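In the numbering used here, the protein residues as written are 68 to 400.
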C-alpha cells in the first residue's frame, strides 16, 4: 500500500505553509487541490530525477520502467498544477517552478519520515526487531539467519516483512525495518549515498540456468544449434532481471538464438514455470538445490551463471541493545 500525504492536520499545515511560500514568488502559482492526495513515491521520484538528470537514469535508480516513472512525474505535476520539467529541452531540465520545488519536496520527505520514525518508536517495543527480507531469501536463507537469535536475544520478537529488493530497501531507508536481508550485485542494487548505511556479507549464491526433464530424465531444453532456446525471463527493471541482462545474456547473444516465452518478476514463480517445462531460466542455486539433487532440474550446458552476494544491511546497529547484540554476533562470524 502506498504512503500518501492527505491535506489534513499535520500534512495540510506542512504542505500549505510551503506552498504559500512558493506562491509569494511572482513567477509561480501553485494550485493546491484540496481533494487530491500526493504519494510519497512521487516526491522521491522527483528528487531522483533532479539528482540523475534524465528520465531513464532516474527510472533505473527507482527500479521502475521509464513510462511508469514518467506517469508518476506527470501525476505530481497535475497535483501541483504546474510543470516541473521543461519537456522542450534536452537534456532533462527543470522549470523554474521545478527548481524551487526541489527543496520543498526534500523538506516534506524529511519531515514525514522523521515524524513516522518518532511515532513508530513510541509504539514499537524495545524488544522487537523488524527484518525486511527479499522474497527468495525468505525461503532459503532466513531460517539459518534466525537460528541463533533465541540465544542472542531470548526475549526479542522478530517481525519479518518480505518483498522485492526495492520495497525492502525503502523499508530500511524509511525506518520501517531495522535490518534488510538481501542479495547484492553491482548491476542490480539501488544507488544510495547515505553514509550511515552499513552491511555485512553473510555468504554467496548464484543465478544458475536450469531446465526441467522429461519422464525419461532427459533435459527438455538445451542448446541444439537448430531451434531457439526458450527462455523464462524477469522484467528488465527487476533485480534478477538486471543481473541476467548484464551478466548472462551478453555472453550468449552472438552464439545462441533465444526466444523469451514468459516473463515473471517472482523467483519462486519462475522456478515453478521451469519445473512445468515452459523453458530455461536463471534461478538462485539455493532455491533449487533439492531439485538438482533429485534430478528434476538440470543445469544447461553452455549458459553462464552469475554470482550474487548475500548481505544484511542496517542504518544504525547500535540503536537498541537487541540490534547491537545481533550485529556483533553477525560481525564475529
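Virtual Cβ for every residue (Gly too), placed ideally from N, Cα, C.
Quantities reported herein were computed from a predicted structural model and do not represent experimental measurements.
Legend entry - Rounded Cβ spacing between residue 225 and residue 239 (contact assumed at less than 8 angstroms): Taking 8 angstroms as the upper bound for CB-CB distance, residue 225 and residue 239 are not in contact here, some 15 angstroms apart.
Legend entry - Residue interval of the beta strand (DSSP E) (run including residue 308): Run containing residue 308: none in the beta strand (DSSP E); it sits in the alpha helix (DSSP H), 306-310.
Inset, instruction - Say whether the segment 381-389 touches the segment 276-296, bearing in mind that this needs 3 or more beta-carbon pairs closer than 8 angstroms, one atom from each stretch. - result: By the criterion of at least three beta-carbon pairs nearer than 8 angstroms, the segment 381-389 is not in contact with the segment 276-296.
Inset, instruction - Just tell me which of 163, 118, 166, 111 has its CA closest to the CA of residue 142. - result: With respect to the C-alpha of residue 142, the residue from 163, 118, 166, 111 having the closest C-alpha is 111.
Inset, instruction - Please classify residue 393: is it buried, with 16 or more other beta-carbons within 10 angstroms of its beta-carbon, or exposed? - result: Residue 393 comes out buried.
Inset, instruction - Enumerate in chain order the residues of its own chain whose CB-to-CB distance from residue 280 is below 8 angstroms, with the five nearest sequence positions on each side excluded. - result: Take residue 280, set aside five residues on each side of it, and the residues of its chain with a beta-carbon closer than 8 angstroms to its own are 286, 287, 362, 363, 364, 365, in chain order.
Legend entry - Chain-order list of residues whose beta-carbon lies under 8 angstroms from that of residue 150 (same chain, five-residue window excluded): Result list for residue 150: 144, 162, 164, 165, in chain order.
Inset, instruction - Ignore the nearest five residues each way along the sequence and tell me which others in residue 368's own chain have a CB closer than 8 angstroms to its CB. - result: The answer, listed in chain order, is 289, 290.
Legend entry - Same chain, Cβ closer than 6 angstroms to residue 357, five either side skipped, listed in chain order: When the five nearest sequence neighbours on each side are left out, no beta carbon in the same chain lies closer than 6 angstroms to the beta carbon of residue 357.
Legend entry - Residue from 160, 153, 295, 115 with nearest C-alpha to residue 172: Looking at the Cα atoms, 115 is the closest of the given residues.
Legend entry - Residue from 371, 338, 343, 346 whose Cα sits closest to the Cα of residue 355: That would be 338, whose Cα lies nearest to the Cα of residue 355.
Inset, instruction - Let me know if residue 199 comes out buried or exposed under the rule of 16 or more other beta-carbons within 10 Å of its beta-carbon. - result: So residue 199 counts as buried.
Legend entry - C-beta contact flag for residue 343 and residue 301 at 7 angstroms: In this structure, residue 343 sits away from residue 301, with a CB-CB distance that is not shorter than 7 angstroms.
Legend entry - Counted within 10 angstroms of its Cβ, other Cβ atoms place residue 117 as buried (16 or more) or exposed: Per the 10 Å Cβ criterion, buried.
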